[in-house]
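J.: Shown below is the structure under consideration.
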Amino acid sequence: MTWLWSNLDRVGELALVHLGLSVPAIILSFVLSIPIGWVAWRFRWSRAVLLSVCGILYAIPSLPLFIALPALIGTQLRSPVNVVVAMTLYGVALMVRSAADGFADVDRDIRMSATAVGYSSFGRFFAVELPLAGPALLAGLRVVIVSTVSLVTVSAVLGIPSLGSLFTDGFQRNIPLEITTGIVATVALAFVLDLVAVVAGRLLMPWTKLERRGRRPSRLANVEAIA
Amino acid sequence: MNLILDAFAWLFEPDNWVGPSGLGAQLGYHVVFSLAVVVAACVIALPIGALVGHTGRGREVAVLTSGGLRALPTLGLLTLIGLAIGIGPVAPFIALVVLALPSVLAGAYAGIGAVDRRTVDAARAVGMTEPQIVLRVESPLALPTIIGGVRAAVLQVIATATLAAYVGGGGLGSTLFVALKTRDYPAMLGVSILIIALALVLDGVFAIVQRLVVPEGVRVGRTTTNLRARPARARAAMG
Chain L
1 MTWLWSNLDR VGELALVHLG LSVPAIILSF VLSIPIGWVA WRFRWSRAVL
51 LSVCGILYAI PSLPLFIALP ALIGTQLRSP VNVVVAMTLY GVALMVRSAA
101 DGFADVDRDI RMSATAVGYS SFGRFFAVEL PLAGPALLAG LRVVIVSTVS
151 LVTVSAVLGI PSLGSLFTDG FQRNIPLEIT TGIVATVALA FVLDLVAVVA
201 GRLLMPWTKL ERRGRRPSRL ANVEAIA
Chain C
1 MNLILDAFAW LFEPDNWVGP SGLGAQLGYH VVFSLAVVVA ACVIALPIGA
51 LVGHTGRGRE VAVLTSGGLR ALPTLGLLTL IGLAIGIGPV APFIALVVLA
101 LPSVLAGAYA GIGAVDRRTV DAARAVGMTE PQIVLRVESP LALPTIIGGV
151 RAAVLQVIAT ATLAAYVGGG GLGSTLFVAL KTRDYPAMLG VSILIIALAL
201 VLDGVFAIVQ RLVVPEGVRV GRTTTNLRAR PARARAAMG
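Protein sequence lines, in the order shown, are assigned to chains L and C. Numbered per UniProt numbering, the first sequence spans residues 1 to 227. Numbered per UniProt numbering, the second sequence spans residues 1 to 239.
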């Protein structure tokens, strides 16, 4: 335990760096996957194409991607930018399907009512479709948060600092406690960010609390389970 | 772009493929090792998943554990078990099985659990025993989802097996880490391209298998009824 107390500062520092790598990627993938998911829902021909591209993106292993990205976007091998870009790609790949499903689940009648009371298609998107797709978007976001926070650690193998550095360092210096600390800290960080997302969802979408008790809780649960 | 050309030149250099530590041997080891991991994960997770899906009991626990296991950072688990057991293939094997479990488990309980209860009741009514129902009715109907879970596990393991070389696991990752140490970027990028290609090819193979195992009755029914029913998506290539 002495290791932990004397290195608490360093763990905190690495956790901040880790946040700095994960949060931008999470936000970027959330923002990017909304329009892409909308397009995938709106234009039937694009759905299969976009979803396959996302599937293929997500099938790319992360360590090779970290190595391949510098050659593609012209960054340095140890640049944190690679991590953010790679994580954003994975996040978008994960999230587009949730977004497309969320928009597809918005009731046709509600859409038509919104048009009937005079919403432009732009206004309708922001005032009606986006809020109603919200729960599905949140479910997708939660998966993105957990997977991003956990995947960022891989970049430590290349020497990019994050909580993953505790794994490589602990392994090289034979300190199991350092590795355990890294694991606990990573899981805790994912948990905290997930909690932030859930609370934000509650505040932004107060109606979901009512709906959960009502009809079809199963679909969302399944999305979370399978995703 | 030059970097990428160099990487392909390195990749297509026949000298790099031969020998006990050549790409050919490592590719073979990588695939066999990964498949062994997935088989072990299936042996553990499929019966549990089927039980959970069939009885509906323990669903919450299964969802929580498979969700929670996913938050575990791959590299952390690998290094921790690596330190505990020592350098060699055993530690990565155990770590990778643990990492493959959630996907297989989720595919199994989601697939079996999603089988129409009326179908199950009908099977019970014509006198099938519970094991018969699971094996002959639920499993075939759930097969696309189950294979989807296995597909996700395979992808994740192929990806993570690369990292396993960090704790002495062998496979394509060893070449990658040697290249990393010697700062041989073409070699690093070349192996990376090879691993990416391997993952994509396997994903494609499993996508086809997933299509093929859809039972005839479901395929016929799908055109008329539930258009949105689709197999579980492949998930989580990590590591």
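The beta carbon of each residue, even a glycine, is placed where N, CA and C say it ideally should be.
What are the boundary residues of the alpha helix (DSSP H) that M112/L is part of?
T.: Unbroken alpha helix (DSSP H) run through M112/L: 108-116.
J.: Please decide whether V198/L counts as near chain C, where near means a Cβ-Cβ distance under 8 angstroms.
T.: It does not: the Cβ of V198/L has no partner Cβ on chain C nearer than 8 angstroms.
J.: On the criterion of 16 or more Cβ atoms from any shown chain inside 10 Å, does T115/L qualify as buried, or is it exposed?
T.: Burial call: exposed.
J.: Give the residues of chain C in contact with V81/L, contact being defined as C-beta atoms less than 9 angstroms apart.
T.: Correct list: empty, because the minimum Cβ distance to chain C is about 16 angstroms.
J.: Starting from the C-beta of P70/L, find all residues in its chain whose C-beta is less than 8 angstroms away, skip the five residues before and the five after it, and write them out in chain order.
T.: Here the set comprises Q76, L77, S79, N82.
J.: Go ahead and pull the three-state DSSP assignment for I160/L.
T.: If DSSP states are grouped into helix, strand and coil, I160/L belongs with coil.
J.: Would you kindly work out how many angstroms separate the C-alpha atoms of I82/C and I183/L, rounded to a whole number?
T.: The residue asked about is misnamed: residue 82/C is Gly in this sequence, not Ile. If I take the Cα positions, the gap works out to 14 angstroms.
J.: Could you please give the first and the last residue of the uninterrupted alpha helix (DSSP H) stretch that includes S29/L?
T.: Counting along the chain, the alpha helix (DSSP H) containing S29/L begins and ends at 8-42.
J.: Quick check on the burial criterion: 16 or more other C-beta atoms within 10 angstroms. Buried or exposed for L220/L?
T.: With a pLDDT of 46 at L220/L, under the threshold of 50, the predicted position of this residue should be treated as unreliable, and no value is reported.
J.: Determine the chain C residues that contact L4/L at a beta-carbon separation under 9 angstroms, and present them in chain order.
T.: By Cβ distance, chain C contributes nothing, its closest Cβ being about 15 angstroms from L4/L, past 9 angstroms.
J.: Could you check whether the Cβ of P64/L sits closer than 8 angstroms to any Cβ belonging to chain C?
T.: Yes, because at least one Cβ of chain C sits closer than 8 angstroms to the Cβ of P64/L.
J.: Checking contacts by CB at 8 angstroms: is residue 232/L closer than that to chain C?
T.: Summary: the structure shown does not reach residue 232/L, with chain L confined to residues 1 through 227, and so no result is reported for it.
J.: When you compare the CB positions of V137/C and V120/C, do they come within less than 8 angstroms of one another, or not?
T.: Yes, these two residues count as a Cβ contact at 8 angstroms.
J.: Hey, is N7/L's beta-carbon within less than 8 angstroms of any beta-carbon in chain C?
T.: Chain C, which has no Cβ nearer than 8 angstroms to the Cβ of N7/L, makes this no.
J.: Kindly list, in the order they appear in chain C, the residues whose Cβ is closer than 8 angstroms to that of I56/L.
T.: Ordered by position in chain C, the residues that pass the 8 angstroms Cβ test against I56/L are L200, D203.
J.: Mind checking A88/C: buried by the 16 CB within 10 Å criterion, or exposed?
T.: At residue 88/C the sequence reads Gly, which differs from the Ala that was named. Classification for G88/C: exposed.
J.: Label V223/L either buried or exposed according to how many other C-beta atoms from any shown protein chain fall within 10 Å of its C-beta, with 16 as the threshold for buried.
T.: Low confidence applies to V223/L: its pLDDT is 44, below 50, so where it sits in the model is not reliable enough to give any reading.
J.: Identify, in the order they occur along the chain, each residue of the same chain with its Cβ nearer than 8 angstroms to the Cβ of L99/C, setting aside the five sequence neighbours on each side.
T.: So the qualifying residues of the chain are L69, L72, T74, L77, Q156, V157, T160, M238, G239.
J.: I need the straight-line Cα distance from L163/C to T181/L, nearest angstrom please.
T.: If you take the alpha carbons of L163/C and T181/L, they lie about 20 angstroms apart.
J.: Here's the rule I'm using: 16 or more other beta-carbon atoms within 10 Å means buried, otherwise exposed. How should Q210/C be labelled?
T.: Buried, because 16 or more other Cβ atoms sit within 10 Å of the Cβ of Q210/C.
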